[in-house]
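Peer 1: Counting from 45, one number per residue, gives the positions in the sequence shown under my numbering.
Glycine included, each C-beta is placed from N, C-alpha and C at the ideal position.
Please see the structure below; I have some questions.
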Amino acid sequence: ALWLAALPARVVTPLEFGEREIAACGEGGAGRGVGAAIRGMQRALQRGAERARRRGDLPPDASDADVLWAVQALSSRCFFEPVLAAHLCVPGVDMANHSSASDGGRGRGGEDGDSGGPSARVEVRRSPEAVQGAHVADEFYPAPPPPPAGGAGANESEFRLVADRALKKGEAVTISYGR
Numbered sequence: 045a046l047w048l049a050a051l052p053a054r055v056v057t058p059l060e061f062g063e064r065e066i067a068a069c070g071e072g073g074a075g076r077g078v079g080a081a082i083r084g085m086q087r088a089l090q091r092g093a094e095r096a097r098r099r100g101d102l103p104p105d106a107s108d109a110d111v112l113w114a115v116q117a118l119s120s121r122c123f124f125e126p127v128l129a130a131h132l133c134v135p136g137v138d139m140a141n142h143s144s145a146s147d148g149g150r151g152r153g154g155e156d157g158d159s160g161g162p163s164a165r166v167e168v169r170r171s172p173e174a175v176q177g178a179h180v181a182d183e184f185y186p187a188p189p190p191p192p193a194g195g196a197g198a199n200e201s202e203f204r205l206v207a208d209r210a211l212k213k214g215e216a217v218t219i220s221y222g223r
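In structure tokens, the structure reads:
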């Protein structure tokens, strides 16, 4: 519970921006800038909350602030899987914190081999049956033998958290959330 006390009580995100903050982000040409993207996200959140309320998917006492918090908490822990074109919450992997070192954790030679960058990376591994066009890829990189038909993992994909270097006991596992 000590770590909870260390968290900020409130963080304002773009989903909560007003027109002044949105205007400061810029519009870009033909309304396709950051401001337009923020407005689009705000509209999508509002429509989704209204739909969830109509269906009875929200507790009767859930406020707009509750919905905003839940959406932001969940979406900040998701990974985008391009083959499925979906955002997925991956238990365990979602607990890795971000490291922003510019070398990506590969070699500034910090203390005891710790470069100050990410200590791990996220990989997506797919079974051959789960990948469209797998037979074409096999010409260049043969896939491992598939699991037995109907067996566990026959049509599944998996996320892996892979350490890029030896980690010390108690050391945080970090990944790069991107630039």
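Please classify Pro162 as buried or exposed, where buried requires at least 16 other C-beta atoms within 10 Å of its C-beta.
Peer 2: With 16 or more other Cβ atoms within 10 Å, it is buried.
Peer 1: Excluding the five sequence neighbours on either side, which residues of its own chain have a C-beta within less than 7 Å of the C-beta of Phe124, listed in chain order?
Peer 2: Hits under 7 Å: His131.
Peer 1: Using C-beta distances below 8 Å, list every residue in its chain close to Ile82, excluding the 5 sequence neighbours before and after it, in chain order.
Peer 2: Pro58, Leu59, Phe61, Ile66 and Cys69, listed in sequence order.
Peer 1: Between which residues of its own chain and Asn141 is the CB-CB distance below 7 Å, once the five residues before and five after are set aside?
Peer 2: Cβ neighbours of Asn141 beyond the five flanking positions: Ala216 and Thr218.
Peer 1: CB Asp33 to CB Arg169, shorter than 8 Å?
Peer 2: Nothing in the structure corresponds to residue 33, since the chain is present only between 45 and 223.
Peer 1: Leaving out five residues on either side along the sequence, give the residues of the same chain with a beta carbon under 7 Å from the beta carbon of Asp138.
Peer 2: Result list for Asp138: Arg121, in chain order.
Peer 1: Let me check understanding here. Comparing Cα to Cα, which of Leu89, Leu48 and Arg95 lies closest to Leu118?
Peer 2: Minimum Cα distance to Leu118 is reached at Leu89.
Peer 1: Given that a residue counts as buried once 16 or more other Cβ atoms are within 10 Å of its Cβ, and exposed if not, what is Gly214?
Peer 2: With fewer than 16 other Cβ atoms within 10 Å, it is exposed.
Peer 1: Just to confirm my understanding: we take Ala93, look at its own chain, exclude 5 residues before and 5 after, and list those with CB closer than 6 Å. What are they?
Peer 2: So the qualifying residues of the chain are Val111.
Peer 1: What would DSSP say about Ala129, mapped onto helix, strand or coil?
Peer 2: Here Ala129 sits in coil by DSSP.
Peer 1: Quick one: grab the DSSP three-state call for Leu48.
Peer 2: In the structure shown, Leu48 sits in a helix (DSSP, three-state: H, G or I).
Peer 1: Could you check if Gly79 is buried or exposed, using at least 16 other CB atoms within 10 Å of its CB as the buried criterion?
Peer 2: The residue in question, Gly79, is buried, as its Cβ has 16 or more Cβ neighbours within 10 Å.
Peer 1: Starting from the C-beta of Ser143, find all residues in its chain whose C-beta is less than 6 Å away, skip the five residues before and the five after it, and write them out in chain order.
Peer 2: Once the five neighbours on either side are set aside, the close Cβ partners of Ser143 are Gly161, Pro162 and Thr218.
Peer 1: Would Glu167 and Val206 be called neighbours here (beta carbons separated by less than 8 Å)?
Peer 2: A contact, by the Cβ cut-off of 8 Å.
Peer 1: Considering only C-alpha positions, which residue in the set Ala53, Leu102 and Phe203 is nearest to Val127?
Peer 2: Here the closest residue by C-alpha is Phe203.
Peer 1: Ala109 and Leu102 look like a contact to me (Cβ under 8 Å); what is the Cβ gap, rounded to whole Å?
Peer 2: At roughly 12 Å, the Cβ-Cβ gap does not stay under 8 Å, so Ala109 and Leu102 are not in contact.
Peer 1: Report all residues from its chain with a CB closer than 6 Å to the CB of Ala181; omit the five preceding and five following residues, and keep chain order.
Peer 2: At Ala181 the pLDDT is 46, less than 50, meaning the model places this residue with poor confidence; the figure from the coordinates comes in the next sentence. None.
Peer 1: Mapping the DSSP letters down to three states, classify Arg54 as helix, strand or coil.
Peer 2: Looking at Arg54 - three-state DSSP - the assignment turns out to be coil, as it is neither helix nor strand.
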